[in-house]
Structure formats: structure tokens, C-alpha cells
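Take the sequence shown: its letter number 466 is residue 596 in this note's numbering, and every next letter is one higher.
Glycine included, C-beta positions come from ideal geometry on N, C-alpha and C.
Only one structure is covered here, and it is reproduced in the block below.
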Amino acid sequence: MGGILSRFRKRQSASERLASIVKEIKILEEEKSSTQKWEQRVVSGWITYSVIFYLIVFGIYAFFLMPPTAWEKGLYTVLLLLVPVFIYAGKRFVNWYYSSKIQRDQDHLVELYKEKSKIVDLVMETETFNVASAILGKFAPEQLRKLTPKPEQEQKPDFNRSILNTPFGSNSLSSSPGMRYRSASTSMRGRGNNLGPLRRALPMQSPLPGTPVRPMELGASQFSPAFARGPLVGPPPGPPLPRPIPARDRSILRQVVDGLMGEGPGSNYALICRHCQSHNGLAMKEEFDFLAFRCAYCYNFNPARKVKPSAPRLPMPPPQSLPGSPRPPRSDGSLFKSPSESHLNEQPFGERKAMSDVDFESDDKESEDLLVKNGITSSEEGSNVDRSKIGFIGLGNMGGPMALNLLKKGHEVVAFDISKSALKTLEEKGGISKDSPAKVASEADIIVTMLPDSICVRKTYTGENGIFSGMSNGMMLIDSSTIEPEVPKELAALASAKGAVFVDAPVSGGVNAAKAGSLTFMVGCTDVSTFSVAKDILENMGKNIVHCGPVGAGQAAKICNNMLLAISMIGTSEIMNLGIKLGLDPKVLASIVNSSSGRCWSSEVYNPVPGVMDGVPSSNGYQGGFGSALMTKDLGLAQSASTAAKTPTPLGSLAHQIYKLMLVQGYGHLDFSSVFKFLSEDKKV
131 MGGILSRFRK
141 RQSASERLAS
151 IVKEIKILEE
161 EKSSTQKWEQ
171 RVVSGWITYS
181 VIFYLIVFGI
191 YAFFLMPPTA
201 WEKGLYTVLL
211 LLVPVFIYAG
221 KRFVNWYYSS
231 KIQRDQDHLV
241 ELYKEKSKIV
251 DLVMETETFN
261 VASAILGKFA
271 PEQLRKLTPK
281 PEQEQKPDFN
291 RSILNTPFGS
301 NSLSSSPGMR
311 YRSASTSMRG
321 RGNNLGPLRR
331 ALPMQSPLPG
341 TPVRPMELGA
351 SQFSPAFARG
361 PLVGPPPGPP
371 LPRPIPARDR
381 SILRQVVDGL
391 MGEGPGSNYA
401 LICRHCQSHN
411 GLAMKEEFDF
421 LAFRCAYCYN
431 FNPARKVKPS
441 APRLPMPPPQ
451 SLPGSPRPPR
461 SDGSLFKSPS
471 ESHLNEQPFG
481 ERKAMSDVDF
491 ESDDKESEDL
501 LVKNGITSSE
511 EGSNVDRSKI
521 GFIGLGNMGG
531 PMALNLLKKG
541 HEVVAFDISK
551 SALKTLEEKG
561 GISKDSPAKV
571 ASEADIIVTM
581 LPDSICVRKT
591 YTGENGIFSG
601 MSNGMMLIDS
611 STIEPEVPKE
621 LAALASAKGA
631 VFVDAPVSGG
641 VNAAKAGSLT
651 FMVGCTDVST
661 FSVAKDILEN
671 MGKNIVHCGP
681 VGAGQAAKIC
691 NNMLLAISMI
701 GTSEIMNLGI
711 KLGLDPKVLA
721 SIVNSSSGRC
731 WSSEVYNPVP
741 GVMDGVPSSN
751 GYQGGFGSAL
761 MTKDLGLAQS
771 ASTAAKTPTP
781 LGSLAHQIYK
791 LMLVQGYGHL
801 DFSSVFKFLS
811 EDKKV
């Protein structure tokens, strides 16, 4: 009975909740501004009156109360010297009090912005077009795109193309004289605006003149191109972006039945393409997370958000040869392909078929021809490569090779760096350069940053013309810099408030691994689904992609690894220097260490002694590689983290002091393996 009554209980509408949140945000912002003004007034008043009081007391002491004995003079002098300390302590207390109050208001503001963002997303997914447009126009005008459709050009049918190559078969060209398609560039791009089905919604057009099309006619049926099998070619089939049927277009009886049965558009989730943000019909709530589909407008394959739990597959008996069969069974012992083996079953409603070798070979050849014809390449059968447009900021010793690897893997790269020569090198390889991080963010789907320190990272994201000022809603931000673990947490909160996802993914492996695309990425993110999306991008630049935990965990893993690397490099340099002074050949000593219990990465892969190994900085005058200044910075981060965690790291502290001494003596621009040169030279340490 309570469940039935709850259906008729009045709930607060989205507009009312947004109005309440906006009002509360305004009050908090005014309170925050007032608190900052009061802090300035109190601090300035405290310092002014305290200095005046101090001068008055000093004058009285100097001219009227000068004591006769030395002991009394010393006592009064100490008391006078303590007055400035008291003034400074009072100032710090006032700053702490108001700062804590401002921080509480800021935390509350972040939570309110998050709640507002969630409500706005819910409005865009569930409300009708007119209602959602009115709500966004009032409470989120910056996210509301003008709904004026771009003029479309008629496309003439290409009779040289086989009719079997089109996704709809013969019906796709039968209506070509009156068919209007949305241009491929419009459906595949359009990244400069905020995402969301509402902002991509356009008026519907009929495939044929005079033929009305209801929105739900493009539902998730087995004949829809959203679930078509195999590679799809040709212009996008349209029509543009159907919306769920509004309540006013449904009969009263239909609305009553939907309300009682829990069905209808209000109880379903929209299938939105992650590439072009097009609406591909509806799915029930219980199947939404486990449903994969191919977009009807840009042909992008959208994998399921979660893997549906299932029992382990039973072993399949080997197939028997059929009498009169023209070809023997397949050499791999299976006539059926499992869902994990066949690209046909990447669609949710794929059926398994028995095929002969002739069928497999002909299908594979036809699929490969169609992929090559449309400029799509694949390294393995059944892969659906997402050719996202990636923004890359920071083209230094590590970032430059990483961006080039993204270009080699077929991604379009838009980049920014303060070095014009680095941008020119990328442009020569096919990249696109921009003059600010904001412009990179306005054109990219995903952002990757590789910057030297926390100051640069904060400025790149939050500064004027930074990433936050130009990015769109729903964007993923990946930072591969090595910085304090607290900075990613701070940026993740700001990104979440703006509707974006922040991932920290520092790297290990050095310049050679960056060039070879074999880096190790230590990823910190909120959930497994976010890690899965980030992993697809990072695999273009590395081989080992490890999920370390929540945001900030990647940085924690990186500074621990680098502290161990510095300690082992110092130890390797010490024993190599000792062995050489004792008359050992460095190559012989290195081979003994690398085949014994002293073996480590610093001795086997990155030996610090010149001439022992080729292709490492020690054999190139310690040029290139990972600079000693950067290693000193990373060790400093590790020491700060150990202090905060109250964990002793005596060897890490000593390594930090050694590298700081190297900086003083001019080793900062050399590779961190130059610690061998530092220890072997006749200098007093």
C-alpha cells in the first residue's frame, strides 16, 4: 500500500532542487567573499595597532623607565623582543581561523556543484526536450548548445559501390534521390561543445519526402544499424538523433500502463554513443550496463560498461567431419567461435553460426578489404580501435616520444608546449599544434599531460587559458607527471565539479621505454570502468598498465619506485667505483653482478659506467635520459610523503641529500646515473 501511495506523493522537481542549490551556492559564495574581506581587515588592524602599541611601549621604556642595573635592562629587553613574536603568533592564529572557515565553505561549494552536475545530467537524460531545454537555459546556460541544425547537403548514390557494402542492404540506396544524410564530419566530430544527448538533439527528418518517422521507430531492433554485425561503411544512415516519445504524445492509457508496470521512457536509459553523442534508442535499467551496441550514425562500437556475470564455459567437443564435406574441419578444433573469439559476437544479440573454412576465409578477406577501403586498420581480428582525438600537453624528453607513439597508432594528436621546436617536430610527424591548453581541450576528446612539477600542472589545468576553461563536459583528463599525491586529489575534485574525470597515471621506464612504447603506467582512478577507458589510451604508449587504487595512488606508487631507483643507482655506482679502484674491469664486474645476487635494473639495463653498455646516457656523456634535477624533485616528494605518513626512510633521505649536493656542483642537467661520475671524481663529499 505504501508503494502505491508513494507514486502519488509529490516530489520536489528538478527545477526546484536546482533553484535551491543555486540559492545556497550564491549564499556560500557571498559568505566566502565576506570572510575573505573580514580576514584582511582583522589582520591589517591587528598588525597596525600592535605596531603602534609596540612603539609606544618602546618609547616609554627608552625614555622614562630605563632601569639602572644590567640585569633589569636584560629582562626588559627580552620582554620587548617577545612582543613581535606575540604579534606574529596572533596574525597566524587569525589567518588559520579564517582559512579554515573559507575551506569549509569551499568544500561545501564543491559538493553543491557536484550535486548540481548530477541533477543536470539527470535532466538531460530523463526529461523531454522542451522541459530539459528550459531548465538548462535557466540553471546551466553554458551547457546548452544552440539547437539550430546545420544545413545538410544531398549526397548522390555511388553506384560503383557494391550494394552489399552498405549497412542497410538494398534499402539504403533505394531512397537515395530524397535521402539527406548528416555529414560525416558533423557526426564524427563536434568536440568543442559540452556533451550530452540534449545538446546534440536536432529535428528529425524523414528518409523519404512526405514519409513521417516516429522517434521510437529506430529502437534497438535486430535490423537496426546500432546492432549491425561486421564492419560498416558508407555515409551515416541517419536520421539525426531521435528522442524518446514525450509524455504528451503518448495516450493516457499508455501512460497509466507504463506507470503501473514500470516501463516507458521514464524507466529506461538512453543508449548514447560515446563518440558522437548520438541517441541510439532505449534500454531497460537492468540490461543497460551489460549492453554493447554500434552507433547508427558514426559506426563506433560502444562496449558494455560491465561484464555480465556468467558461468564458466563448458569444453566444446571437437566437431565431426560431415559426409561429403568439401573441406576438413578447422585446424584449431572448432567450428564455432565463442563470444571472446569472434568479432561478430561483439554485438549484444550476436548469434553463433557453424561455418566451413571457406566461409571464414571469404568473410575475413571481405572484412579486411572493407576496413582498408575506409581507412580503418586493425592489428588483430575483431578489434574495434577507437580513433579518439587526443590532446597532449608537454612535449619534453618523455612527452614527445609518447605523443609520437599516439600518432603511430592512428590517433589524431592536438598538442601544446612552450617549446616551439617541440611543436614543430610533432607537426612534421602529422600532429596539430595549438597556442594554449584551453584550445587543445576545446578540440580533443581526451587530454594527456606530461609536465615537470606540481606548479606547472596546477597552472596548466586551473590557470588562465587552462584546460578547465576550454574542456567539455564528460572529458577524461590523464596526468602522467610526477607530483605530490595530494595534487591529483585536488584536481580530481575540481574536474568532477565541472563534469570531467581526472586520472593520475605517472610513468616508469625512462626515455628509451617512451620511444619504444613500453612504459609502465601506474594509474590512480575512481573505478574499474574509468580504468578500462584510460587503459585503452595508455596501451598506445606502454605495455604495463597497472591500476594502483583511487586518485593519487598512482603518484604514491611512482615516488616509491623512484626512491628505490635512486637508492639502487647510488649503490650500483658505489660498487662499480670501488671495483674500478681495486683494479677490476668494469665490464667484467658488471657481468658478474648481473649474473649474481646483486643484479638490479640500474646495473643490468641502465649501467652508470661509461663504455659498459651502449644506448644508455652514461655512454653519451650522461646526456638525455632522466635528469638529476628531476630525480632530486622526486626524492623530495618521497621525503615529504614519508614525513606526512610518519614513516622513516633513512636511505631515501640520504639519497635525497646526495642528489641535492650534485645539483650544487652542477650535475642537474645530466642524467641521474651521473651519480657515478660524482662519486668517482676526486672531490670532497
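Could you have a look at residue i and say whether DSSP puts it in helix, strand or coil?
i: L158; result: helix
i: F756; result: coil
i: L525; result: coil
i: S537; result: Per the sequence presented here, residue 537 reads as Leu, with Ser not at that position. If DSSP states are grouped into helix, strand and coil, L537 belongs with the helices.
i: K807; result: helix
i: F418; result: helix
i: G713; result: coil
i: H409; result: strand
i: A219; result: helix
i: S150; result: helix
i: A400; result: strand
i: M706; result: helix
i: G530; result: helix
i: G798; result: coil
i: K559; result: coil
i: I608; result: strand
i: C71; result: For the chain, the structure presents residues 131 to 815; residue 71 sits outside this window and is missing.
i: K246; result: helix
i: I548; result: coil
i: V253; result: helix
i: V437; result: coil
i: V735; result: coil
i: P89; result: With the chain covering only 131 through 815, there is no way to say anything about residue 89.
i: A574; result: coil
i: A873; result: Limits of the chain in this structure are 131 at one end and 815 at the other, which puts residue 873 out of reach.
i: D666; result: helix
i: A687; result: helix
i: D288; result: Below a pLDDT of 50, predicted positions are generally treated as unreliable, and D288, at 43, falls in that range; no measurement from the model is reported.
i: M761; result: helix
i: S584; result: helix
i: M693; result: helix
i: Q769; result: helix
Bridge partners for residue i per DSSP, in chain order?
i: E837; result: Lying before the first or after the last residue shown, residue 837 is absent from the chain, which here runs from 131 to 815.
i: R424; result: F431
i: M699; result: In the DSSP output, where bridge partners are listed per residue, M699 has none listed.
i: N595; result: In DSSP, N595 forms no bridge with anything.
i: V723; result: Bridge partners of V723: none, in fact.
i: G679; result: G654
i: G672; result: L649
i: T579; result: I523 and D609
Evaluate residue i with the Cβ neighbour count: other Cβ atoms within 10 Å of its Cβ, from every protein chain shown; 16 or more gives buried, anything less gives exposed.
i: Q685; result: buried
i: H409; result: buried
i: M761; result: buried
i: D744; result: exposed
i: D657; result: exposed
i: S611; result: buried
i: E614; result: buried
i: I186; result: exposed
i: K807; result: buried
i: Y179; result: exposed
i: K665; result: buried
i: M816; result: Past the edges of the chain, shown from 131 to 815, lies residue 816, and the structure says nothing about it.
i: D715; result: exposed
i: L534; result: buried
i: V215; result: exposed
Assuming the contact rule is C-beta atoms closer than 8 Å, residue i and residue j should be a hit. Round their C-beta distance to whole Å, please.
i: Y789; j: A646; result: Between A646 and Y789 the Cβ distance is about 27 Å, and since that is not below 8 Å, they are no contact.
i: G521; j: L537; result: Contact doesn't hold; Cβ gap of about 13 Å is too wide.
i: I667; j: I608; result: 7 Å
i: F632; j: V587; result: Not quite, the Cβ-Cβ distance comes to about 11 Å (not below 8 Å), so this is no contact.
i: K221; j: V173; result: 6 Å
i: A422; j: A434; result: 4 Å
i: G629; j: S263; result: Not really, about 18 Å apart at Cβ, beyond 8 Å.
i: M693; j: A774; result: Not a contact, Cβ separation roughly 15 Å.
Compute the minimum distance between the beta carbon of residue i and the heavy atoms of the ligand MG, and state whether it is under 6 Å.
i: D575; result: With respect to the ligand MG, the structure shown offers nothing to examine, as it has no ligands at all.
Sequence ranges, alpha helix (DSSP H) only - wholly within the segment 612 to 650, length at least 4:
616 to 627 and 640 to 646
Could you tell me which whole beta strand (DSSP E) segments of length 3 or greater appear in the segment 180 to 208?
As far as the segment 180 to 208 is concerned, it has no whole beta strand (DSSP E) run of at least 3 residues.
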